[in-house]
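*Asks:* Protein chains in written order, with numbering that gives the first Met the number 0: chain A, 0 to 177; chain B, 0 to 249; chain C, 0 to 353. Ideal Cβ positions, reconstructed from N, Cα and C, are used throughout, including at glycine. The structure under discussion is supplied below as structure tokens; questions concerning it will follow.
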Amino acid sequence: MTHNIVISGFGGQGILFASKQLAKSAMHEDLHVSWLPSYGPEMRGGACNCSVIISDEEIGSPLIPHPDILIVFNLPSFDKFESQVAPGGLLIVDSTLVNKKSERSDINASYIPATGLAAENKLDGLANVIVLGHLLKKTGMFDYDSFLSFMVSSIPPAKAALIEKNTLALKIGYDYES
Amino acid sequence: MVVFDRPKALSDVPLHYCPGCTHGIVHRLVAEAIDDLGVVDKTVGIAPVGCSVFAYNYFECDMIEAAHGRAPAVATGVKRTNPDTVVFTYQGDGDLAAIGTAETVHACARGENLTIIFINNCIYGMTGGQMAPTSMPGQVTTTSPYGRDRKIQGSPVHVCEMLSTLDGVAYAERVSVDCPKNILHAKKSIKKAFQNQIDKKGLSIIEVLSTCPSNWGKSPEESLEWLRKEMMPFYPLGVYKDIDSEEESK
Amino acid sequence: MSNKVLMKGNEALAEAAIKSGCIHFFGYPITPQTEVAEYLAKRLPKVGGLCLQAESEIAAINMVMGAAATGTRVMTSSSSPGISLKSEGISYIAGCDLPCVIVNVQRGGPGLGGIQPSQADYNQATKANAHGDMHVIVLAPSSVQEMATLAGEAFDLADIYRMPAMILADGALGQMMEPVDFDARESREIPEKTWVTNGHGGKRKKNIVNSLFMDPAALEASVVERFKRYDEIKEKEVKYEEYMTEDADIVLVAYGITSRICKSAVAAARAAGIKVGLLRPITLWPYPSGALAKLADTVKHFLVVELNMGQMVDDVKLSIECRRPVSFFGRTGGMLPTPDDVVEEIKKIAGGIA
């Protein structure tokens, strides 16, 4: 079992948080994991992407030329990475922000208006967690309950209000029928 | 009764300096200060590159030989990891005010709790008489054979004046060792520069106007005369900064 | 549940340094190693240490020299252009037989180059750190775990052999996160430091830390003594990993992040029926020449893969005394090859062999 996941969007969309959450959950379950950010001038231009590899075997290259899971939060990311998804792979698109559909027939594409759902439910800034919920639904890569309890366990007591919001966000994403 | 003996902090070995060179006097003053303060056992000296490169053989404390100009950085490394040591650098004008300017200025800016003994003799001695950053306007050296021309080689650096503008400097004084009166005064100043460090006051630098008969092409006596007549008016003796007197005047 | 934490390579290295007893750091900011200094700037004051930002790389390495002369465990880190500036100090530290750890998180060059991952300082690190007859121990981690483990090893090796040890990493290893276990390595026995200049306390003769010898015979003797230590290191401290080499016709030779890409390529090429393996030098100096020479008895072809223009090729050829062909594939300037790119090269060679 190996998941090659690329998450891409603008800085500030919680891409680092979402990708680190996947990486930490994998580590928590004693899987091998690598997390590689884009960095350099690209970072300063506002684009942000992370490559996360989760595997039950030792991980070779941490680079992902052909993701089998691609999550995009903006149009430039869609345009840049959609064609690179491995055949049979999964594409998850925040359709509130990306008004475009994949024309490929060899991949599974999922469209979830995560940013819109976040706004409707007063969960500003949690589109990333909504998408994580949807990712769990589509892949079953982690058990829902253990993923949730591990995620909220990392929220400090001072920010307890966030526990409820994150729990709701994850559920909305999981329950959404795309 | 012995009234005049070798300071204990000075090693019992022949110095390699040329006849008439004032390095020997300054070495003695440094050793006397270390003896007077009783700190030879916790002192670490940093020798430079230049005529005083072998200073590591002449003091009875632990010694480190630094790369050219880097003594203040090496001293910083020693002092910051061992704050209870007494650390001094002994540097010439090329070492401190040319290749090591950045290290000097920033050790001063950081207010490193160090003592710097700076020998200014207006020339590169070890390499054989080349122009120094402190060579005088008009001074003939092997690399300014027609005399230092401000338009070509630029103007000399006034080290004490420059460093006294930095907040981290506790004490900056220019002294001379051309006559017994000035030597006695220089001894007091050097001792104070070490005492300041023991009292954790910050960086103290003593600039010592010195002679280089060999490379100046003068006799020892003529050299002392040249120091008095030419150097002293251009590099006036005196205290350029002393946080003690600043505090008193407040 | 293991003791693992998810950390960036640069931060894991910094934390491992602290756990190895290094609480003094002198450096100067440069991308892509700045996290090392930033991490230590936060952590060291809390453990009674010091992270001091120097005015230059030159000053930083000389502060390291001063600290090392007192017997203090000390580290500096930089990236390629900054290492060039440290060159002078590295030579003096080697000449004075002082231990310290120097980190190079490499970026593309020459000149200002770029800020993306590179291995273009291989020759500098292994052969020409600075002037004079000298070497530094060079360790090349290939994972975040090794950024930590080899940092600890570097401090021990530096102390045991009284010389600088370098961690030669790259921007990708520095920036990536992986689980790391800081208890994965046991520290080694360190000889007593009798040579330190931290004030003799009236209890011993004065010590002098010095690299100047006016007598050529004395200088020669000091260099010969140092090279005897180097021989001992070559005998005892070579580290490497062999991966699927047992039946391999083609062996890739790669270190650092490139070895990770090559591991993926080996798996892909094996799946395509080509017998490929990987030799990964962990110490670049001392170099695993013996292991390569042994492989040359059975292996038909070597392929060196690096993020430079082929700087390690000569070392492979010398190790195997040119008994087998040695090809090179690499990208430079901050470009990274994909495993597919490497597989293509393997296929070209396999076609020639078949």
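1) Among the residues of its own chain, which have a CB less than 8 Å from the CB of Tyr121/C, if the five just before and after it don't count?
2) Verify the CB distance criterion: does Ile281/C have a CB-CB separation below 8 Å to chain A?
3) Taking only the alpha-carbon atoms, compute the straight-line gap between Gly8/C and Thr33/C and give it to the nearest angstrom.
4) Where does Arg187/C land, buried or exposed, given buried means 16+ other C-beta within 10 angstroms?
5) Please report the residue range of the beta strand (DSSP E) in which Gly8/A lies.
6) Compile a chain-ordered list of the residues in the segment 330-344 of chain C whose CB is closer than 7 Å to at least one CB of chain A.
7) Phe327/C lies in the beta strand (DSSP E); which residues open and close that run?
8) Any C-beta of chain C sitting closer than 8 Å to the C-beta of Met150/A?
9) For a quick check, are the C-beta atoms of Arg69/B and Gly99/B less than 8 Å apart?
10) How big is the Cα-Cα spacing for Leu111/C and Ser55/C?
11) Is there at least one Cβ from chain B nearer than 8 Å to Thr196/C's Cβ?
12) Would you please verify whether the beta carbon of Phe25/C is less than 8 Å from any beta carbon of chain B?
13) If you count every other CB in all the chains shown that lies within 10 Å of the CB of Tyr239/B, and 16 or more means buried, which is it?
14) Can Ala147/C and Leu12/C be called in contact, C-beta distance under 8 Å?
15) Give a yes or no on whether the minimum CB-CB distance between Ile260/C and chain A is below 8 Å.
16) Chain C beta carbons: is any one of them nearer than 8 Å to that of Met42/A?
17) Just to check my reading of the structure: Gly361/C and Pro31/C have Cβ atoms closer than 8 Å, yes? What is that Cβ distance to the nearest angstrom?
18) Counting along the chain, where does the alpha helix (DSSP H) carrying Pro219/B start and finish?
19) Could you check where the alpha helix (DSSP H) with Ala292/C kicks off and where it finishes?
20) At 7 Å on the CB atoms, spell out the chain B contacts of Leu51/C, in chain order.
21) Which one of Ser83/C, Met74/C, Tyr242/C, Ala264/C has the shortest CA to CA distance from Lys346/C?
22) When the Cα atoms are used, what is the spatial distance from Met0/C to Asp67/A?
23) I'd like to know whether the C-beta atoms of Ile249/C and Lys192/C end up nearer to each other than 8 Å.
24) Determine contact between the segment 221-231 of chain C and the segment 268-281 of chain C, defined as no fewer than three beta-carbon pairs at a distance below 8 Å.
25) Between Asn88/A and the rest of its own chain, which residues show a CB-CB distance below 6 Å, the 5 nearest in sequence each way excluded?
26) Between the Cα of Asp241/B and those of Ile45/B, Leu202/B, Glu111/B, spot the shortest distance and give me the residue it belongs to.
27) Counting C-beta neighbours from all protein chains within 10 Å, is the total for Gln196/B 16 or more, i.e. buried, or is it exposed?
28) Ser372/C touches chain A at which residues, Cβ-Cβ below 7 Å?
29) Does any residue of chain C have a CB that is nearer than 8 Å to the CB of Met140/A?
30) DSSP three-state label for Gln90/B, please.
31) So, with DSSP's three-state summary, where would you put Ala15/C?
32) Using a cut-off of 7 Å between C-beta atoms, extract the partners of Pro36/A located in chain C.
33) Go ahead and label Cys145/B buried or exposed: buried means 16 or more other beta carbons lie within 10 angstroms of its beta carbon, across all protein chains shown.
34) Quick check on His300/C: does DSSP put it in helix, strand or coil?
35) Please report the distance separating the alpha-carbon of Gln118/C from that of Gly329/C.
36) What residue from Pro287/C, Gln144/C, Pro190/C has the CA that sits closest to Asp182/C's CA?
*Replies:* In this structure, then:
1) By one-based count along the third sequence, residue 121/C stands at place 122. Around Tyr121/C: Leu167, Leu283, Glu305, Asn307, Gln310, Met311.
2) Here residue 281/C refers to the residue found at position 282 when the third sequence is read from its first residue. Not one chain A Cβ lies under 8 Å of Ile281/C.
3) Position 9 of the third sequence, counting from 1, holds the residue named residue 8/C. Position 34 of the third sequence, counting from 1, holds the residue named residue 33/C. Each residue's Cα considered, the two are about 12 Å apart.
4) Position 188 of the third sequence, counted from the start, is the residue given in the question as residue 187/C. Exposed.
5) For the purposes of this step, residue 8/A is taken as residue 9 along the first sequence, with counting starting at 1. Segment 1-9, the beta strand (DSSP E) holding Gly8/A.
6) Leu335, Thr337, Pro338, Asp339
7) In the third sequence, counting from the first residue as 1, residue 327/C sits at position 328. Per DSSP, Phe327/C belongs to the beta strand (DSSP E) from 325-329.
8) Position 151 of the first sequence, counted from the start, is the residue given in the question as residue 150/A. No, its Cβ sits nowhere closer than 8 Å to a Cβ of chain C.
9) Counting from one through the second sequence, the residue named residue 69/B turns up at place 70. Counting from one through the second sequence, the residue named residue 99/B turns up at place 100. Result yes, Cβ atoms of Arg69/B and Gly99/B sit closer than 8 Å.
10) Position 112 of the third sequence holds residue 111/C. Position 56 of the third sequence holds residue 55/C. Those two C-alpha atoms are separated by around 16 Å.
11) Numbered from its first residue, the third sequence carries residue 196/C at position 197. So yes, Thr196/C belongs to the interface.
12) For the purposes of this step, residue 25/C is identified with residue 26 of the third sequence, where counting begins at 1. Judged by the 8 Å Cβ criterion, Phe25/C is in contact with chain B.
13) On the second sequence, residue 239/B is found 240 positions in, with the first residue counted as 1. Tyr239/B sits buried, since 16 or more C-beta atoms from the chains shown fall within 10 Å of its C-beta.
14) The count along the third sequence starts at 1 and reaches residue 147/C at position 148. The count along the third sequence starts at 1 and reaches residue 12/C at position 13. Yes, Cβ-Cβ distance for Ala147/C and Leu12/C is below 8 Å.
15) The count along the third sequence starts at 1 and reaches residue 260/C at position 261. For Ile260/C, the answer is yes, since a Cβ of chain A falls inside 8 Å of its Cβ.
16) Taking the first residue of the first sequence as 1, we reach residue 42/A at position 43. Low per-residue confidence applies at Met42/A: pLDDT is 48, beneath 50, and the placement is therefore not dependable enough to give any value.
17) Because chain C spans 0 through 353 in this model, residue 361/C falls outside it and cannot be assessed.
18) The residue given as residue 219/B occupies position 220 in the second sequence. Its alpha helix (DSSP H) spans residues 219-225.
19) Numbered from its first residue, the third sequence carries residue 292/C at position 293. Taken as a continuous stretch (DSSP letters only), the alpha helix (DSSP H) holding Ala292/C covers 288-294.
20) The residue given as residue 51/C occupies position 52 in the third sequence. Neighbourhood of Leu51/C in chain B, by CB distance below 7 Å: Arg79, in chain order.
21) Stepping through the third sequence from its first residue, residue 346/C is reached at position 347. Lys346/C has its Cα closest to that of Ala264/C, out of Ser83/C, Met74/C, Tyr242/C, Ala264/C.
22) Taking the third sequence and counting its residues from 1, one reaches residue 0/C at position 1. Taking the first sequence and counting its residues from 1, one reaches residue 67/A at position 68. Caution is warranted here: a pLDDT of 45 is assigned to Met0/C, below 50, making its placement in the model unreliable, and the coordinate value is therefore given only provisionally. Linking Met0/C to Asp67/A through their CA atoms gives a straight-line distance of about 28 Å.
23) To locate residue 249/C, count along the third sequence from 1; it is residue 250. To locate residue 192/C, count along the third sequence from 1; it is residue 193. Cβ distance not < 8 Å, so Ile249/C and Lys192/C don't count as in contact.
24) Segments in contact, no.
25) Position 89 of the first sequence, counted from the start, is the residue given in the question as residue 88/A. In the sequence as displayed, the identity of residue 88/A is Gly instead of Asn. In the same chain as Gly88/A, and ignoring 5 residues on each side of it, the C-beta atoms closer than 6 Å to its own belong to Asp67, Ile106, in chain order.
26) Start at 1 with the first residue of the second sequence, and residue 241/B comes out as number 242. Looking at the Cα atoms, Leu202/B is the closest of the given residues.
27) The residue labelled residue 196/B in the question sits at position 197 within the second sequence. That one is buried.
28) Because chain C spans 0 through 353 in this model, residue 372/C falls outside it and cannot be assessed.
29) The sequence position of residue 140/A within the first sequence is 141, counting from 1. It does not: the Cβ of Met140/A has no partner Cβ on chain C nearer than 8 Å.
30) One-based indexing of the second sequence puts residue 90/B at position 91. Looking at Gln90/B - three-state DSSP - the assignment turns out to be strand.
31) In the third sequence, residue 15/C corresponds to position 16, counting from 1. Helix, per DSSP.
32) Stepping through the first sequence from its first residue, residue 36/A is reached at position 37. Ordered by position in chain C, the residues that pass the 7 Å Cβ test against Pro36/A are Gln174.
33) Locating residue 145/B in the second sequence gives position 146, where the first residue counts as 1. It is Tyr, not Cys, that sits at residue 145/B in the sequence shown. Its Cβ having fewer than 16 others within 10 Å, Tyr145/B is exposed.
34) Within the third sequence, residue 300/C is the residue found at index 301, counting from 1. Reduced to three states, the DSSP call for His300/C is strand.
35) On the third sequence, residue 118/C is found 119 positions in, with the first residue counted as 1. On the third sequence, residue 329/C is found 330 positions in, with the first residue counted as 1. Spanning the two alpha carbons is a distance of roughly 10 Å.
36) Here residue 182/C refers to the residue found at position 183 of the third sequence. Comparing Cα-Cα distances from Asp182/C to each of Pro287/C, Gln144/C, Pro190/C, the minimum goes to Gln144/C.
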